Every structure is written in structure tokens, then in C-alpha cells.
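Those letters in the sequence shown? Residues 5 to 371, by my numbering. Every residue gets a Cβ at the ideal spot worked out from N, C-alpha and C, and that includes glycine. Here the structure is a predicted model, which means the values were calculated and not measured. Report on one structure; see the data block that follows.
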Amino acid sequence: MGDDTADFGDFVSNEDEELDLEEVVEPWYNYDIKETPHVFYPICLGEGSGSTVWMAHNLQEKRDVALKVMASGEWADNEICIQNEIIQNVQDTSHLVTYLATFLLPGNECHHRVLVFPLMGPCINPLILRDMPMATRMYAARQLLEALESLHKAGIVHRGMAPLHSLNRSAKYKTHGRPLRQIIPHVDLWKQGELVRPVEIPDNLRTEYFYLSDFGLAIKLGDPTIPRGYPPTLFCPPERLHKKHPSFACDMWSYMVIFEVLYLGFPPFLSWRSLIKRLGALPEQWKGLYSQSGGLDSWYDQSQSPDPDDNLASTIADYRPDADPIEREHVLSIMSKVFTYCPEKRPTATQLLQDPSFRAIMDTYGC
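As C-alpha cells, this is what we get:
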């Protein structure tokens, strides 16, 4: 235990290392009691409107885990109910992240529900995709669609790193490299703090397994109570922002956005303007139903049609000029089927898995 309790990495040795470190580390003021009073700030893996996820170490089982601390109220109730529904009724949970344990954490005049999850790995993001082979990306697309199919078969609307969780500190240093750190200077913190470079996972430790997680907004189809909140705007189907109820078809729109992020490297619609340029005007009957601020009447002007210089086909050609023309046609085919304003016309997860164009794309990349 000696080296594990004392060895926390190496300090910077020159100005270049200091500058490199400052570009990538967490801001020091996250630890300033004036900025975050009465907050213990360990490693934060992510946060949303209903929860914050922290990295932790299970002392009894000697493994790293992720703790999802829920906000008080309906968020916790919905998450635990859906998690139990998935565990009990979804036949194939191999690509779904379900909780290992749960407990209550005392808070300010309340208790917070905490869910313990396996520590799986980073989310898909542009930095990871940049170096990810296309075959791996398409394998991810297939796995995520199969996970969505499993959820839908159980009537649920949803609204990878190698298993190193049991290694001790010195063993982790051998696989991940030693942490580079620097004393935080000239700041009056409640305790001396350090800047530490984020961990970089070596390619040989990454797996090709991908998982669907975060069921905080998920519902059982037909449930009269719908939790507050929407998916991130880039992934949210347009009908949901026009007061339409969640459906399997909503999930299919969000899935296709993820597919395009995997295939093109970026979301296909970065704004309402780009959405309308590529798909045409929103349905006229939706006018006046937009639930957010900043809506424009011009979105529903039926004289607008997709811009031939910036439609789905040209977007695919511009960002994947290396792809075979037949492959681009297959991608356009599935995009056109899912990216329709009429939810009833979108294919189901099962139908898309069986779609000839989708299967041709998977075959091209050996998936």
C-alpha cells in the first residue's frame, strides 16, 4: 500500500509543461470556496439538469464506479422506476447501462437518491471520433440501434473503456501513464490544490463496445405522467418542441442524428435554419405551437423547399467525398426515411435494422 498512498504523479518541470497543463485541466476556481461554498469537489464525470455524476472507488469491492446523484423530486423517482423496468422486462441489456446498487444521501433538509453504475468510459465526442476508424463508428451505430430496439420491444421510450476498475494506483499508472500536476499558485484556497492533466486512455485499452445510458427522461409508452425536460436541442426531434408527446419515432430521429455524428463527424442540423434548408419548411399546422422562445413564422412558410446546394445529399457528398457514391446513396436513403417531419412515417428500430440500405452500410464496414 505504500506507493499507492504516496505516489500521485509528477510535477511539471518547465514553463512549456505548465502552459500545456493549463489548457486542458479543470478550472482551479471549481475548488474555490467562494465559488463553490460547502462543496466537496472530487472527479466530476458529467452533469445535467436532474443529476451530477461523480467518479468514486468502492472500498469493499475494490473497483472504480460512477455515482449518479439525483436532484430531489421527480427526477430520482422516474430514473429508479425506469431502471427497474429495464432490468425486469428488457430481454437484452448487454448494451444498456443499468445500476449496480442504490442508496440515499442526506442533503439540505432532504435526501438525494444515488445510483451506482459501472465506470464504462467516455461519451462519444468529436475528439474521440477524430481518431476512430469508420468501421468502429458503424459498429457503434449498429450496437446503439440494437439497444434501442430492445428498449422499444419492452415499451420504453428513451427520451466504452476496458474494465480496469479493480487495478490499484501503481498498476493504473503503468497502463495510463503518470499524472502530470502543478500546484495552484497565488490563490487563497481552503486547502492547497493542484492542477492535474486529464487521463488519456491508450488505444489498446479501448474496446469496440458501446452502450446506451442515462434514462432520466425515459418513459413507459402510454404512461400518463411525462417527466419534464427534453433531449439536447441538436438531438431533439422537431415535433417534441411543438408540444407533441414522446414516441418511439422521437427516439428514431435522435438515433439518426447520432448516426450522422458517427458517419459525418458532426450533427446534421446545427440550427433551425440549417434544418429547414436541408428538409424544407416545418408543417404549417405546427405554427404557434413552438414551446421555446425565439420561434419565427418563416419556419412554416410552405414556399420553402430544401436548398439543392445544402440538402442532405450535398451534405453527405461534402463531408464524405472519400465514400463510394453507392455508399452515399445508401446513407441518403436511410437519412431521408428517418428525417421526416411526420413521425408516423419513420421506420421503427427493427425496420431500420432490416432496411436494405442500412444493412448494405453495415456490410461495407464488416459490421
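Leaving aside the five residues before and after residue i along the sequence, list all residues of the same chain whose C-beta is less than 7 Å from its C-beta, in chain order.
i, result
"A285", "W303, Y304, D305, Q306 and Q308"
"M138", "Y369"
"Y294", "L245 and H246"
"F121", "V69, A70, K72, V101, Y103 and L104"
Evaluate residue i with the Cβ neighbour count: other Cβ atoms within 10 Å of its Cβ, from every protein chain shown; 16 or more gives buried, anything less gives exposed.
i, result
"C254", "buried"
"E27", "exposed"
"L266", "buried"
"H162", "buried"
"G370", "exposed"
"A145", "buried"
"E288", "exposed"
"Q147", "buried"
"L104", "exposed"
"E348", "exposed"
"P235", "buried"
"H116", "buried"
Quick one, are the C-beta atoms of residue i and residue j less than 8 Å apart?
i, j, result
"D359", "I330", "no"
"L356", "S340", "no"
"V101", "S217", "yes"
"F239", "H156", "no"
"L25", "Q186", "yes"
"N62", "V69", "yes"
"V335", "M260", "no"
"W257", "R350", "yes"
Nearest by alpha-carbon distance to residue i: which of the options is it?
i, options, result
"D314", "M256, L283, S154 and F107", "L283"
"N112", "A144, V101 and A75", "A75"
"D301", "E19, A321, P310 and I280", "I280"
"N15", "A139, I188, K291 and S275", "Per the sequence shown, residue 15 should be read as Phe rather than Asn. For the residues A139, I188, K291 and S275, the minimum Cα distance to F15 belongs to I188."
"D81", "F107, H61, Q95 and N62", "F107"
"T354", "I47, E150 and C371", "E150"
"I47", "H99, L199, S98 and T140", "L199"
"A158", "Q87, C114, P137 and A105", "Q87"
"L245", "G298, M124 and C85", "G298"
"C127", "G50, K248, K349 and T344", "G50"
"P271", "Y294, W58 and P241", "P241"
"M136", "C85, R332, Q92 and F214", "F214"
Can you round the beta-carbon distance between residue i and residue j to whole angstroms, since I take them to be within the 8 Å contact cut?
i, j, result
"L109", "G269", "Their Cβ separation, rounded to whole angstroms, is 39 Å, which puts L109 and G269 out of contact at 8 Å."
"I365", "M142", "6 Å"
"L119", "E83", "7 Å"
"E89", "I160", "6 Å"
For residue i, collect the residues of the same chain with a Cβ closer than 8 Å to its Cβ; drop the 5 residues on either side in sequence, then sort them by chain order.
i, result
"S154", "V94, Q95, D96, T97, H99 and L100"
Any beta carbon from chain D within less than 8 Å of residue i's own beta carbon?
i, result
"P236", "Here there is only one protein chain, and chain D is not present."
Take residue i and list the residues in its own chain whose beta-carbon comes closer than 6 Å to its own, dropping the five residues that flank it on each side.
i, result
"A60", "V69 and L71"
"L123", "D68, V69, A70 and H169"
Can you tell me whether residue i sits near the ligand NAP, meaning its C-beta is under 7 Å from at least one heavy atom of the ligand?
i, result
"E19", "As for the ligand NAP, it is missing from this structure, which has no ligand bound."
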